[in-house]
Amino acid sequence: MAALTDSAPDMAGGAQPGPEPARVLEALELLLGPPADSDSAAEPGKERALSPETLRRNAAALEERLSGAAGWAALRQLRTAVLSRAPALAAGVAGPEPGWAAACGLLALLLCLKERLAALAAAPAAPAAPGAPPPPGADTLSVGQERALRRALRAAVGLGLLPHLPPGLGPGPALGPPPGSRGARLFAAVAALVELARLPALGAPLLARHLRLLLCGLCALGHGPAALCQGVSDAERAQCREALGDILDRVYQPLAVQELLVLQGQPKQRCPGAAPGWLRRLCGHLLSERLLRPSGVQAVVRGVLEGTDGGAGAEAAALDWRKCDAVGKILAACPQQCLSLEDYYRQVCPQILDLLHVQDKVSARQFQRVATSTVLSMAREQPQLAERLLLQPLLAPLRRGSEAAELALQDLTAGAVLVPEAELGSCVEDVLKVFVVGNDSSSLLLGSLQPVLGVVFSLYSFARQNVSYLRSPCQDILLWFLEKAEREQALAVLGGLAGLSSHVPTLHPRCQLQVGSEGGAAIVVQETISDEDEALYQKISLEQCHVESLVELLSHCQKSGLAGDFFIHCLKELTQVAAEDEEAPNPAVEPGGSLLELEQEQARQGRKLLVLQLVAALCQGVSDTVFTDIEQVQQFLAAVLQRACAHPARGPGAAAEAQTLAMAMGLVAAVLGGAVQLRSSDFAVLKRLVPLLEELSRSYPEPLTQELASDLRIAILTHGACSPGSLGAAAHGLLGTQPGTAARSPAGTAPGPPAHRDGSGTEQSRARAPGASAAPRAPSPAPGGLQELLESACDPQPPARAAALRRLASLVTQRDPEAARLQEKLLQVFLENVQHEDAFVYLSAIQGVALLSSEYPERILPVLLAQYERPAQGKEDTMAAVTRMKLGEVLMRVTRALGDMVFRHREPLIRAFLRGARDPDGALRASSLSNLGELCQHLGFQLGSIIHEVTCCVTAIARTDPEAEVRRAAVHVVVLLLRGLSEKVTEVLRDVLRDLYRLLKHVAAAERDAAAVLHAQLALEELDAAMRRVLFPPQSLEKKIVVLP
């Protein structure tokens, strides 16, 4: 092999030119005889075998042609030179064995072809003609020549290499050479084939089809037992080892991995044709070397998974997963020849992370599965190395932008990019693939992910406000962590994301997220804001966005109960903050307060506001299904009752605290009253509330609350067997049901009216209605029941008052005779409650007044109009204006309910709204104009001559009113008027249409308020559309058929 390696073609620069490649290929065809019919298939199994007689005859014909034929002298000289450098091939050609002689002749001719092609490739190429394509290389073979070359290579390998392979690698001793000559012949054939493989034109077809057999020969000669290498020196064996490494380095690495895996075979295989032990060990060593090369991990994965497309069916997918897991375990195990486990991980881990970024769509999913499986296997087997060399580099872009990162931000200019968009998006996708898709909830993975959850949450919140593909992966990452983590850890993380604790590092305060050009985001250095108001506004906006994002995130965690647990956690935080407020002095009031105390007080107040904001957002966002079991209900009630025991309702927030306590106790009463089916285990949970109820019954300042707490304690201890009447009233106040029509309590009684009480006749509290007969009542209550509803409508507790008002409104809708008789009393009750400050109460009262007015407009409307035009005396101006606006809402609901019948009350309604439009209060003027516009929209063509008054009023206000909100409302009246009249604009507004048009053009041109200009533009569009319909009516193609008599 050394002679072949060191030889160089000397025919290119000799006195005589060398033979053409076509002459060499003709000699090869002559030696092999005519090709078979199926040779074009290029498969050894489909080619006719050559008999010894045929080989002898072909060899003799070739020798005769070389010795005397014209034009063959150059080939004869080159062949002689090649055989002189390879004595083993020369001896084989002259030997008596036809098969080996033919193999040596083929190898000699192939070496001649190799030298000739190399000489042609080294010669300078002829220049191409102008405008013509470049000519092919001088060493390029035609299609027919390529076919002849493949046939010759196949015959050379089959006759010269295959029969001389040792047992376990070749066909066996039955077809082998004579004893003692196997090693020398194998070395001669392998040496010639290795020499051919050095030229790309010959090495490509040789290695593509015969790489496995060539590797078998090199392995046997270079690493096999000495018994298999008789006649081969140590130097020649060393050359074989060197050639083996060179070929493995030059071929396509996944192909090399595949061939080595085939040679290695199954590890437990013990059949007669199995690979010997030394070959299996050698293949394992060579595979490890392939793995440790640059990009070796990807080569090994491609070699193992080639031919698997991910699988569309369940069985194929399961097989693919098993294959990927097996490859992952192999990559996680350190090879024996690697001296240091850390060095192996340091070399392999970056390549494993690169598998996550493969762009090939066909194999990307398989590579990601392998990478995920490898990361999880390494995390289980070597957690410390996996965290340092795998997880930390994986999460590095997210860590770089967190507040825990040690970055010299003061040296960075504003707007500098810390994490580019592509890197940040790739990092988020990698985290999704490894953590969420891998779905391994080990403590190492959860602990590694927790420090970057703040940045992921900031990305999620940022993506909610913008159009970004990062929203879904960030949400999946956060939900996966909250699902897999322990409940205490999940609550701590939620508190950190909300800003209640420092368990989770958030985005660095000097960093901000910026929209990327590809739909992602980048982390950049924030510009310093000099305006304090602008900085405060941005801070508050960011906190509000984070709270909304947290509530949306928790809306996906309601089935697991995490949302309810976090809500209870926030309530406990609220209790703790209230306790700190009472204990801590106010440095702003005390003269000796230091600056540190002022900062601590400011932080405490900020925390309190944040907790209140969280509780309010959770109540609004996930309150309907926040609790999933009785355990969470008990914890919620315990938090409220504990706060009430520790801090009774006093001071400015006394009303809100009392309302919260009433709601909580009403909830307990509803649960005990049958709203929830309770089991014995549920009562064991509710018994935890007994000490708090007992403390509340002794220490709370309000007597009714004390009595209700005592009754609740009795009901819980008796498992509902003893249910005092106050529980029914509290439950009805919470659920908004009529006393006597609710579900029966566990004791079998339902709350009844005062008329059904015992004969003692003592007047009890409205909040305590003892049980009466459980028989079902008629839909219309008795006078005593209506009287009780009227009393409940004045209850100090807003829930009970609102429930009574809604029940009274339903009686009006049902045309109850007793309610019709007491309509004046009902109107008085409704009007009194309209002035209530609680939204639930006054909206229920507004609904009741509107229903009463629509049922009895002749009697009720004059009273309402008088109240609207003349507010009640003794009230402050602000309260009077608010009450009049509420009455305006009532009048508009009545207008909608009356429909076309509103024409009878047209003049008093318009007169009242026109008077309201001249009120000194700007909000009332705007409200009156809005009501006027809706009334005009309902009246339509029934406006009549009043349209002149309306137009004059609207024009004067739109031109002269000092408040933009009022001018806006005036223009909106024109919009509603035009929209309501539609096609009748030219008929109804014939006299004032020009004035309205001039008004709208004036507003659109001279108005400074953008909203008023927008209303004017909308009105002009409505007017333009109406006029176009009048001037250019749509043409209808009709055919009229007249039937003659």
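Count along the sequence shown from 1, add 85, and you get the number used in the numbering used here.
Beta carbons are placed, not taken as given, at the ideal position from N, Cα and C, and that holds for glycine.
Note that the structure is predicted; figures quoted are calculated from it, not measured.
Would you identify the three-state DSSP class for residue i, choosing helix, strand or coil?
i     : result
C596  : strand
I1042 : helix
I614  : coil
A930  : helix
I608  : strand
Q920  : coil
Q343  : helix
E105  : coil
H588  : coil
T803  : coil
D796  : helix
L1122 : coil
W363  : helix
Q1022 : helix
T980  : helix
Q629  : helix
N143  : helix
Y785  : coil
F651  : helix
Output the distance between the C-alpha atoms of residue i and residue j, rounded to the nearest integer angstrom.
i     : j     : result
Q349  : L299  : 15 Å
Q690  : A724  : 21 Å
L110  : S448  : 41 Å
R267  : E105  : 34 Å
D439  : W565  : 24 Å
A359  : D334  : 26 Å
C419  : L681  : 57 Å
P285  : A328  : 16 Å
V756  : F768  : 11 Å
L789  : Q882  : 11 Å
M1112 : L1074 : 12 Å
Can you find the residues in the same chain that come closer than 7 Å, C-beta to C-beta, to residue i, ignoring five residues on each side of it along the sequence?
i    : result
C409 : Q451, R454, V455, S458
E114 : A233
E472 : L529, S533
E779 : R798
If you drop the 5 nearest sequence neighbours on each side, which residues of the same chain put their C-beta closer than 8 Å to that of residue i?
i    : result
I614 : A620, Q623
R572 : L647, D650
Within the same chain, show all residues whose beta-carbon is closer than 6 Å to that of residue i, passing over the 5 residues directly before and after it, in chain order.
i    : result
F915 : A930, G933, V934
V167 : A193, L196, C197
A904 : L896, V897
S795 : S782
R978 : A935
E488 : P590, T591, H593
K693 : V662
Is the CB-CB distance between residue i and residue j below 8 Å?
i     : j     : result
I801  : V770  : no
S499  : E617  : With the sequence shown as reference, residue 499 is identified as Ala, and Ser is not the correct amino acid for it. Contact flag unset, no.
R387  : G381  : no
D1094 : R1044 : no
V443  : V389  : no
L699  : C730  : no
E1048 : G1001 : no
L246  : A274  : yes
L1062 : Y1082 : no
R484  : L503  : no
H295  : V347  : no
L345  : L371  : yes
T660  : Q727  : yes
P482  : L517  : no
G973  : Y953  : yes
A1101 : L1085 : yes
Curious, which full-length beta strand (DSSP E) runs of at least 3 residues does the region 440–518 contain?
-> Runs found: 502–504.
Unbroken alpha helix (DSSP H) runs of length 4 or more, entirely within the region 1067–1111: which are they?
-> Listed in chain order, they are 1070–1073, 1078–1091.
At which residue ranges does the region 162–194 contain complete alpha helix (DSSP H) runs of 4 or more residues, listed in the order of the chain?
-> Correct list: 172–178.
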